[in-house]
Amino acid sequence: MKANLFRSIVLFAILAVSIQIHAQTPGNALSFNSSSYVDCGIGSSLDITSSITIEAWINADSWQNNSWEGTIAGKDNTDQTGFVLRCGNNGRLSFTFGTGGNWPEVTSDPIMLTGQWYHVAGVYDGSMMRIYINGMLSGQHAISTSIGVSALSLYIGDSPGFSPRHFSGMIDEVSIWNVARSGCDINKDMYQTLNGNETGLVAYYNFDQGSAGAVNTGISTLPDLTSNHNDGTLNNFALFGTTSNWLSSGAGVTTSAPDFTIETLDTSNFITTSIDVSGNITNAGSGNITERGICYNTAGCPTIADSKVSESGSFGTGTFTETLTGLSSGTDYFARAYAINPTGTSYGKEIIFGSCYLGIPDPNFVAALITEGVDLNGDSIIECYEAAAFNGTLDVSYANISNMTGIEFFTNITQLYCGGNLFTSLNLSSNTALQYLYCNNGSLATLNVAGLTSLTEIYCTDNQLTTLNVSTNTGLIYLYCYNNLLTSLNTSSLSSLYEIDCSSNSLTSLDVSSNSTLYYLYCYSNLLTSLNTSGLTSLYEIDCSNNSLSSLNVSSNSALYYLYCYNNLLTSLNTSSLTSLYEIDCEDNSLASLDVSSNSNLNYLYCYNNLLSSLNTSGLTSLYDLECENNSLTNLDVSTNTNLQYLYCNDNLLSILNVKNGNNTIMSDFNAINNPDLTCIQVDDDAYSTANWTNIDATASFSTNCGYIFYMLNYTAGPNGIITGTASQTVNIGGNGTAVAAVPNMDYHFVDWSDGSTANPRTDMNVIANISVIANFGLNVGIETMLENNSTFIYPNPNNGTFQVTLNTQENESLSINIYNCFGQLILRDEKNNLQGNYNQTFDLSEFGKGVYLVKINLEKSQYSNKVVIK
21 MKANLFRSIV LFAILAVSIQ IHAQTPGNAL SFNSSSYVDC GIGSSLDITS
71 SITIEAWINA DSWQNNSWEG TIAGKDNTDQ TGFVLRCGNN GRLSFTFGTG
121 GNWPEVTSDP IMLTGQWYHV AGVYDGSMMR IYINGMLSGQ HAISTSIGVS
171 ALSLYIGDSP GFSPRHFSGM IDEVSIWNVA RSGCDINKDM YQTLNGNETG
221 LVAYYNFDQG SAGAVNTGIS TLPDLTSNHN DGTLNNFALF GTTSNWLSSG
271 AGVTTSAPDF TIETLDTSNF ITTSIDVSGN ITNAGSGNIT ERGICYNTAG
321 CPTIADSKVS ESGSFGTGTF TETLTGLSSG TDYFARAYAI NPTGTSYGKE
371 IIFGSCYLGI PDPNFVAALI TEGVDLNGDS IIECYEAAAF NGTLDVSYAN
421 ISNMTGIEFF TNITQLYCGG NLFTSLNLSS NTALQYLYCN NGSLATLNVA
471 GLTSLTEIYC TDNQLTTLNV STNTGLIYLY CYNNLLTSLN TSSLSSLYEI
521 DCSSNSLTSL DVSSNSTLYY LYCYSNLLTS LNTSGLTSLY EIDCSNNSLS
571 SLNVSSNSAL YYLYCYNNLL TSLNTSSLTS LYEIDCEDNS LASLDVSSNS
621 NLNYLYCYNN LLSSLNTSGL TSLYDLECEN NSLTNLDVST NTNLQYLYCN
671 DNLLSILNVK NGNNTIMSDF NAINNPDLTC IQVDDDAYST ANWTNIDATA
721 SFSTNCGYIF YMLNYTAGPN GIITGTASQT VNIGGNGTAV AAVPNMDYHF
771 VDWSDGSTAN PRTDMNVIAN ISVIANFGLN VGIETMLENN STFIYPNPNN
821 GTFQVTLNTQ ENESLSINIY NCFGQLILRD EKNNLQGNYN QTFDLSEFGK
871 GVYLVKINLE KSQYSNKVVI K
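What follows is the structure, encoded as structure tokens:
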């Protein structure tokens with residue numbers, strides 16, 4: 021290994037005892053509540069702009085809802101300056117600082133509990149933010165920027181700029197440094213009090229004032245034990261009793277300290293299984309050094325309880341060198357010099373050495389990793405321990421990387437951004453902690469994500485993938501693989517999938533029926549001949565356009581809101597069960613019919629370039645945009661579509677077009693050209709439409725009344741009053757407001773229509789197909805109808821519900837009188853046998869309602885019939 025791999029940064033470590041000794045000398049802490057805080061002033065020593073470390077011991081009574089709401093110590097200001105260490109959200113630790121424009125932040129998992137003491141720290145070294153809980157790295161975030169100087173005071177227990185963000189519980193041993201302390205520094209010093217003169221220490225509060233739980237109302241100052249005198253003033257503390265007062269601390273801190281210092285020097289003479297490590301005792305203290313040496317391990321922050329090479333005797337100041345042997349090839353080691361005298365044990369700075377390198381062949385990949393802060397020891401070589409120590413997000417996107425060899429050692433990353441590069445294959449099967457993968461806009465031909473059960477999102481779009489196996493990614497929620505060369509895609513095992521975008525590939529079939537939670541499906545621009553979405557009751561949007569689908573069954577997708585199936589080979593489309601549909605785009609198919617009568621929520625309907633001969637949009641009061649051009653429509657009525665603002669019905673066979681919906685002035689676009697049989701377009705205001713709607717044929721014009729078709733009935737009274745001619749006939753009528761008139765002759769008057777309407781002519785008809793219309797007439801003979809040479813009478817006629825039938829027969833005959841309604845149903849009957857002479861009978865039809873009834877009189881030698889009108 022090159023000698024420059026083992027540079028060490030000299031740091032004088034002043035430790036109370038080794039890391040194993042957690043003895044506590046009794047001391048105090050402050051108990052904070054929802055209003056108390058300590059104001060430590062605006063001393064210039066607190067104007068930190070580059071490297072910083074904030075440390076404290078805390079014991080929370082409760083957590084605030086969010087990790088940023090429980091301030092431990094900070095100077096955070098509303099102008100996005102300052103720094104703060106804080107906690108909340110079920111035990112998450114948060115460290116952030118303001119750059120003057122934003123707040124970069126690093127947070128931990130929710131691992132802290134209430135009622136327990138924890139040592140917490142936030143560190144920034146100019147390129148990496150880190151947080152530690154009980155000396156263990158608990159989160160990191162790469163960023164290179166400066167800390168904005170805050171004009172506000174340093175507060176403990178609340179935020180000076182965003183109050184109230186109170187910490188509830190006890191705080192002890194707060195220290196602020198203008199250097200970035202290493203994890204090992206934090207680990208070895210967390211269990212002891214400081215002297216106040218340590219290098220880089222700008223504020224230190226040991227909280228050992230007052231008497232625990234006693235009346236301390238006269239003790240309202242928290243002194244800074246450094247020479248900067250950033251003393252704090254207590255605010256809103258009761259200072260008596262068991263809360264909001266000075267209390268006995270439970271933090272694992274001791275107050276004794278060794279009185280000598282030692283440093284670890286650079287390593288040299290490294291071979292495969294051994295290495296020389298040196299130390300330097302710079303101050304022997306009050307007593308002779310009785311033991312000195314090098315301790316080392318493979319986990320970090322070694323102590324004398326780990327492996328060590330030592331010598332005993334009586335030593336003073338000066339350097340010494342120890343040779344570590346029996347080392348394992350391919351293993352990373354951590355080492356520190358140490359020395360012991362009667363006052364305790366002290367350690368030097370930790371150094372790292374080893375022979376486990378990633379062997380990354382692509383220098384651009386190495387450079388990107390260094391930029392991300394992976395190179396912990398600054399030797400410009402990525403070692404195994406550095407890869408294993410890196411967690412969270414790794415962003416090496418758009419870095420001209422041709423080879424991703426080495427990524428397999430980053431087993432703790434949760435997010436990987438590597439898009440916009442040049443590599444053609446990517447194997448991530450070893451990155452088992454990965455949750456989010458973004459490898460889009462590259463040259464990928466193969467992607468291995470096998471076994472990544474924590475993966476929730478894959479974004480591998482715009483590559484050259486011909487296959488993609490996601491069968492083992494059972495936690496996948498989002499799958500984006502569009503713009504590739506995929507010929508198949510199996511998602512049957514992905515029960516949590518929420519969104520799939522596999523558009524612009526070469527898929528010939530797709531079955532997503534097993535993806536029961538699917539909400540969005542985008543599979544457009546493929547070669548699909550079959551698509552199975554059955555049973556997906558949560559599906560909200562389908563875009564399967566630009567395929568070769570000849571059929572599409574969406575009947576079970578009851579929540580569907582958007583349906584895009586244009587440019588396929590569809591001959592039918594059933595949307596009757598989709599009552600929530602907001603938009604349908606089925607243009608460029610071969611649809612001969614389309615029923616949207618059940619889609620009452622429809623706002624957008626694009627069905628142009630089909631084979632439609634009819635289209636019924638009645639009842640679609642929310643319809644905003646209708647584009648049905650290039651079909652074979654002959655009749656279009658949008659008079660009930662009162663929200664319509666865009667109508668394209670050009671290039672059809674229209675002869676009838678009714679746009680009279682009472683709201684024509686909101687129409688933005690109107691196009692009805694190339695309808696050669698369309699001469700009249702019915703509208704609200706012909707002058708307005710003529711002035712504003714110009715896209716019509718030269719032979720067409722606008723009118724509020726486009727020429728009704730009248731239904732004329734003519735009758736002739738023949739001998740004995742028998743009506744000759746057609747009593748009813750069928751005519752072709754259509755369009756809103758079609759008028760039908762019944763025109764009697766001089767002997768008959770109009771009574772009503774077969775549906776009971778008495779309007780004549782009637783203009784209330786709104787029909788779009790052929791119907792049968794029947795008009796009923798009465799004879800103009802006053803109060804009676806005479807038959808058979810005045811010997812048979814029906815009177816009065818018309819009447820109010822009752823009438824009489826009288827007749828006289830000269831011979832003995834059987835008589836039957838049958839009365840029928842206008843539907844031909846027999847409603848009354850009267851019979852007489854052996855009748856001779858006069859017959860007089862009253863009939864009451866009032867219970868059957870007004871209308872026209874037929875009375876048939878049957879004698880053995882003659883039959884008569886006549887209509888009776890009930891008014």
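Using our numbering, you'd call the opening residue of the sequence shown number 21 and step up by one each time. Just so it is clear, CB atoms sit at the ideal spot from N, CA and C, and this is done for glycine as well.
Inset, instruction - Tell me whether the beta-carbon of Gln160 lies closer than 9 Å to the beta-carbon of Gly393. - result: Locating residue 160 in the sequence shown gives position 140, where the first residue counts as 1. Locating residue 393 in the sequence shown gives position 373, where the first residue counts as 1. Result yes, Cβ atoms of Gln160 and Gly393 sit closer than 9 Å.
Inset, instruction - Below 6 Å CB to CB, which residues in the same chain sit around Leu499 once its five sequence neighbours on both sides are set aside? - result: In the sequence shown, residue 499 corresponds to position 479, counting from 1. Residues Ile478, Ile520 of the same chain have their beta carbon placed closer than 6 Å to that of Leu499, with the five preceding and five following residues left out of the count.
Inset, instruction - State the DSSP-derived secondary structure class of Tyr978, mapped to helix, strand or coil. - result: No information on residue 978 is available, as it lies outside the stretch 21 to 891 that the chain covers here.
Inset, instruction - Compute the distance between the beta-carbons of Ile433 and Phe410, then report whether it is under 9 Å. - result: Translated into the one-based positions of the sequence shown, residue 433 becomes position 413. Translated into the one-based positions of the sequence shown, residue 410 becomes position 390. Yes, Cβ-Cβ distance for Ile433 and Phe410 is below 9 Å.
Legend entry - CB contact flag (Asn899, Val875, <9 Å): Any property of residue 899 remains undetermined from this structure, which presents the chain solely from 21 to 891.
Inset, instruction - For Ser51, count neighbouring Cβ atoms within 10 angstroms of its own Cβ and tell me buried if that reaches 16, exposed if not. - result: In the sequence shown, counting from the first residue as 1, residue 51 sits at position 31. Around the CB of Ser51, 16 or more other CB atoms lie within 10 Å, so the residue is classed as buried.
Inset, instruction - Let me know if Ser82 comes out buried or exposed under the rule of 16 or more other beta-carbons within 10 Å of its beta-carbon. - result: For the purposes of this step, residue 82 is taken as residue 62 along the sequence shown, with counting starting at 1. The residue is exposed, with fewer than 16 neighbouring Cβ atoms inside 10 Å.
Legend entry - Contact belief for Asn503 with Thr481 at Cβ below 8 Å, rounded distance in angstroms: Within the sequence shown, numbered from 1, the residue matching residue 503 stands at position 483. Within the sequence shown, numbered from 1, the residue matching residue 481 stands at position 461. Confirmed, about 5 Å.
Inset, instruction - Just the C-alpha distance for Leu656 and Ser638, rounded to the nearest angstrom, thanks. - result: The sequence position of residue 656 within the sequence shown is 636, counting from 1. The sequence position of residue 638 within the sequence shown is 618, counting from 1. Take the alpha-carbon of Leu656 and the one of Ser638: they are about 10 Å apart.
Legend entry - Environment of Thr849 [buried if 16+ CB atoms lie within 10 Å]: Indexing the sequence shown from 1 puts residue 849 at position 829. According to the sequence shown, residue 849 is Arg rather than Thr. Arg849 comes out exposed.
Legend entry - Cβ-based neighbour list, Asp251, same chain, cut-off 8 Å, excluding 5 preceding and 5 following: The residue given as residue 251 occupies position 231 in the sequence shown. Short of 8 Å from the beta carbon of Asp251, and not among the five residues preceding or following it, lie these beta carbons of its own chain, in chain order: Cys60, Gly61, Thr241, Leu242, Pro243, Asp244.
Legend entry - Sequence-distant residues of the same chain with beta carbon closer than 7 Å to Glu89, five excluded per side: On the sequence shown, position 69 is the one that residue 89 refers to. Within the same chain, Gly108, Arg185 come within 7 Å of Glu89 by CB-CB distance, once the 5 residues on both sides are set aside.
Inset, instruction - Assign Leu635 to one of two classes, buried (16 or more other C-beta atoms within 10 Å of its C-beta) or exposed (fewer than that). - result: Residue 635 sits at position 615 when you count from the first residue of the sequence shown. Counting Cβ neighbours within 10 Å, Leu635 comes out buried, since at least 16 surround it.
Inset, instruction - Apply the 10 Å Cβ neighbour rule to Glu851 and answer buried if 16 or more other Cβ atoms are within range, or exposed otherwise. - result: On the sequence shown, residue 851 is found 831 positions in, with the first residue counted as 1. Using a 10 angstroms sphere on the CB of Glu851, the tally of other CB atoms stays under 16, which defines it as exposed.
Legend entry - Sub-9 Å separation of Ser450 and Thr431 beta-carbons: Stepping through the sequence shown from its first residue, residue 450 is reached at position 430. Stepping through the sequence shown from its first residue, residue 431 is reached at position 411. Against a cut-off of 9 Å, the Cβ pair of Thr431 and Ser450 comes out as a contact.
Legend entry - Phe232 and Val297 closer than 9 Å at C-beta: Here the question's residue 232 lines up with position 212 in the sequence shown. Here the question's residue 297 lines up with position 277 in the sequence shown. It is worth fixing the name first, because residue 232 is Ala in this sequence and not Phe. In this structure, Val297 does not lie closer than 9 Å to Ala232 by Cβ.
Inset, instruction - Inspect the CB distances between the region 212-230 and the region 190-201 and report whether three or more fall short of 8 Å. - result: Note that the region 212-230 touches the region 190-201; at least 3 beta-carbon pairs, one per stretch, sit closer than 8 Å.
Inset, instruction - Label Ser158 either buried or exposed according to how many other C-beta atoms from any shown protein chain fall within 10 Å of its C-beta, with 16 as the threshold for buried. - result: Stepping through the sequence shown from its first residue, residue 158 is reached at position 138. So Ser158 counts as buried.
Inset, instruction - Give, in chain order, every unbroken run of the alpha helix (DSSP H) that is at least 4 residues long and sits entirely within the region 390-425. - result: Complete alpha helix (DSSP H) runs here, min 4: 404-409.
Legend entry - Sub-9 Å separation of Ile206 and Gly155 beta-carbons: Residue mapping note: residue 206 aligns to position 186 of the sequence shown, counting from 1. Residue mapping note: residue 155 aligns to position 135 of the sequence shown, counting from 1. Annotated as proximal: Ile206 and Gly155, with beta-carbon spacing under 9 Å.
Inset, instruction - Tell me whether Gln212 is buried or exposed, calling it buried when 16 or more other Cβ atoms sit within 10 Å of its Cβ. - result: By 1-based counting over the sequence shown, the position of residue 212 is 192. With 16 or more neighbouring CB atoms inside 10 Å of its own CB, Gln212 falls in the buried class.
Legend entry - Burial state of Asn552 (16 or more Cβ within 10 Å): Taking the first residue of the sequence shown as position 1, residue 552 is located at position 532. With fewer than 16 Cβ atoms within 10 Å of its Cβ, Asn552 is classed as exposed.
Inset, instruction - Classify Pro180 as buried or exposed, calling it buried when 16 or more other Cβ atoms lie within 10 Å of its own Cβ. - result: For this step, residue 180 is matched to residue 160 along the sequence shown. Classification of Pro180: buried, given that the 10 Å Cβ count is 16 or more.
Inset, instruction - Have a look at Lys68 and Ser183 and give me their C-alpha separation to the nearest angstrom. - result: Reading the sequence shown from its first residue, position 48 is the one you call residue 68. Reading the sequence shown from its first residue, position 163 is the one you call residue 183. Looking at the sequence provided, one finds Ile at residue 68 rather than Lys. If you take the alpha carbons of Ile68 and Ser183, they lie about 22 Å apart.
Legend entry - Rounded C-alpha distance that separates Ile380 from Asn423: The residue given as residue 380 occupies position 360 in the sequence shown. The residue given as residue 423 occupies position 403 in the sequence shown. One C-alpha to the other measures close to 8 Å.
Inset, instruction - Could you check how far apart the C-beta atoms of Leu448 and Leu414 are, in whole angstroms? I think they sit under 8 Å. - result: Position 428 of the sequence shown holds residue 448. Position 394 of the sequence shown holds residue 414. Rounded to whole angstroms, the Cβ separation of Leu448 and Leu414 is 11 Å, and the two are not in contact under 8 Å.
Inset, instruction - Look up Cys522 in the DSSP assignment and say whether it is helix, strand or coil. - result: Within the sequence shown, numbered from 1, the residue matching residue 522 stands at position 502. Coil, per DSSP.
Legend entry - Terminal residues of the beta strand (DSSP E) in which Ser17 lies: Beyond the ends of the chain as shown, which are 21 and 891, falls residue 17; an answer cannot be given.
Legend entry - Closest Cα partner of Val16 within the set Ala707, Asp563, Thr363, Ala419: Look at the range of the chain in this structure, 21 to 891, and you will see that residue 16 is not part of it.
Legend entry - Which listed residue (Thr822, Ser195, Ala234) has its alpha carbon closest to that of Asn226: For the purposes of this step, residue 226 is identified with residue 206 of the sequence shown, where counting begins at 1. If you compare the alpha carbons of Thr822, Ser195, Ala234 with that of Asn226, the shortest gap goes to Ser195.
Inset, instruction - Out of Ser294, Ile371, Thr363, Tyr57, point me to the one whose CA is closest to Pro322's CA. - result: Working through the sequence shown from its first residue, we reach residue 322 at position 302. Ranking Ser294, Ile371, Thr363, Tyr57 by Cα distance to Pro322 puts Ile371 first.
Legend entry - Limits of the beta strand (DSSP E) - the one that Ile62 falls within: Here residue 62 refers to the residue found at position 42 of the sequence shown. Boundaries for Ile62: no beta strand (DSSP E) harbours it, and the DSSP string shows neither H nor E there.
Legend entry - Which listed residue (Cys459, Asn712, Thr494) has its alpha carbon closest to that of Ser474: Stepping through the sequence shown from its first residue, residue 474 is reached at position 454. Here the closest residue by C-alpha is Thr494.
Inset, instruction - Under 6 Å Cβ to Cβ from Thr466, same chain only, skipping five residues before and after it: list those, please. - result: Taking the sequence shown and counting its residues from 1, one reaches residue 466 at position 446. Cβ within range, chain order: Ser445.
Legend entry - Spatially closest choice to Gly821 from Val143, Asn838, Ile837, Val888, by CA coordinates: Taking the sequence shown and counting its residues from 1, the one referred to as residue 821 is at position 801. Nearest Cα to Gly821 within the set Val143, Asn838, Ile837, Val888: Val888.
Inset, instruction - Tell whether a beta-carbon distance below 9 Å holds between Leu677 and Ala692. - result: As a working note, residue 677 is residue 657 in the sequence shown. As a working note, residue 692 is residue 672 in the sequence shown. Taking 9 Å as the Cβ cut-off, Leu677 and Ala692 qualify as a contacting pair.
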